[in-house]
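Since the structure comes first, as structure tokens, the remarks are kept for the end.
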Amino acid sequence: DAKTTQPNSMESNEEEPVHLPCNHSTISGTDYIHWYRQLPSQGPEYVIHGLTSNVNNRMASLAIAEDRKSSTLILHRATLRDAAVYYCILRAGRTGNNRKLIWGLGTSLAVNP
Amino acid sequence: GAVVSQHPSWVICKSGTSVKIECRSLDFQATTMFWYRQFPKQSLMLMATSNEGSKATYEQGVEKDKFLINHASLTLSTLTVTSAHPEDSSFYICSASARAGELFFGEGSRLTVL
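Note that the protein sequences, when read in sequence, are chains A and B. Here the first sequence is numbered in my numbering, starting from 184 and rising by one per residue. Here the second sequence is numbered in my numbering, starting from 323 and rising by one per residue.
Have a look at this one:
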């Protein structure tokens, strides 16, 4: 199962953009890149996912490298409520079996007021 | 959007007792439900996968007789921690998959065993 590598922690200021990197050098052709975030004492929350093209939704943007070996989650204007652990995960196929999920430690994002 | 609800959100029990945690999909039928355990400052660890009407599939190292999983309907799965001990204290999270494969997570249940 392909793994991802993320920085342990990052820090941002409120109202500023945040770029959260993820490396997945062993990604396979059918793996989708998913991002979830987990607020303290809560279950994970879906953020965004993509395959090859960059993706945008109301929460964030996902920039995927041309070789797909890395991706970046972009929060355009960080708020205090964005402070969470962000997980970058590979899922086999568009609706891949959950057994394929490998949860790393994610990136703990701190947002300063 | 789709919602997965867990109950209770937190529970404290004495060592040796059993605790049941419920996971419900509120507005969709969950063909598959998953149970995770998360210790402080660690990531989610998949414990088992349950499909409605069949026995759960447990991950390696997870005792099926200790963590009983029942998925009797398309909207409810339960996890029972039998004869709980302090080392079972953890944050238990369920997730549910709809037929389209979308994955939704519950709010989590924090178990503290005294």
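Just so you know, even glycine gets a beta-carbon here, dropped at the ideal spot from N, CA and C.
Item, Value
"DSSP three-state assignment for residue 241 of chain A, whether helix, strand or coil", "coil"
"Within chain B, partners of residue 218 of chain A - CB distance below 8 Å", "Under the 8 Å cutoff, chain B gives no residues; its nearest Cβ is about 12 Å from residue 218 of chain A."
"9 Å Cβ cutoff, residue 270 of chain A in contact with chain B", "yes"
"Neighbour-count burial assignment, residue 272 of chain A, 16 or more Cβ in a 10 Å radius", "buried"
"For residue 218 of chain A and residue 204 of chain A, the rounded distance between their alpha carbons", "11 Å"
"Pair within 9 Å by beta-carbon distance, residue 260 of chain A and residue 199 of chain A", "yes"
"Close Cβ partners of residue 229 of chain A (< 7 Å) along its chain, the five nearest in sequence each way excluded", "219"
"Closest by C-alpha distance to residue 328 of chain B, when choosing among B:339, B:371 and B:413", "B:413"
"Residue of B:359, B:366 and B:352 minimising C-alpha distance to residue 401 of chain B", "B:359"
"Within chain A, the residues that residue 415 of chain B reaches when beta carbons sit closer than 7 Å", "226"
"Contacts around residue 197 of chain A, its chain only, beta-carbon distance under 7 Å, and the 5 residues preceding and following it disregarded", "261, 262, 263, 294, 295 and 296"
"Alpha carbon of residue 248 of chain A to alpha carbon of residue 387 of chain B, nearest angstrom", "45 Å"
"Beta-bridge pairing of residue 328 of chain B - partner residues as DSSP gives them", "B:345"
"Inter-residue spacing [alpha-carbon to alpha-carbon] between residue 349 of chain B and residue 333 of chain B", "25 Å"
"Selection from A:225, A:232, A:246 and A:241 that minimises the alpha carbon distance to residue 432 of chain B", "A:225"
"Interface flag, residue 288 of chain A vs chain B, CB-CB below 9 Å", "yes"
"Backbone CA spacing between residue 290 of chain A and residue 405 of chain B [nearest angstrom]", "35 Å"
"Proximity winner among B:428, B:435, B:338 and B:436, relative to residue 366 of chain B (alpha-carbon distances)", "B:428"
"For residue 213 of chain A, the nearest candidate out of A:239, A:274 and A:187 (CA to CA)", "A:274"
"Close Cβ partners of residue 208 of chain A (< 6 Å) along its chain, the five nearest in sequence each way excluded", "252"
"Proximity of residue 374 of chain B and residue 340 of chain B at Cβ, strictly below 9 Å", "no"
"DSSP state of residue 409 of chain B mapped onto helix, strand, coil", "helix"
"C-alpha gap between residue 236 of chain A and residue 434 of chain B, whole angstroms", "44 Å"
"Any C-beta of chain A under 9 Å from that of residue 326 of chain B", "yes"
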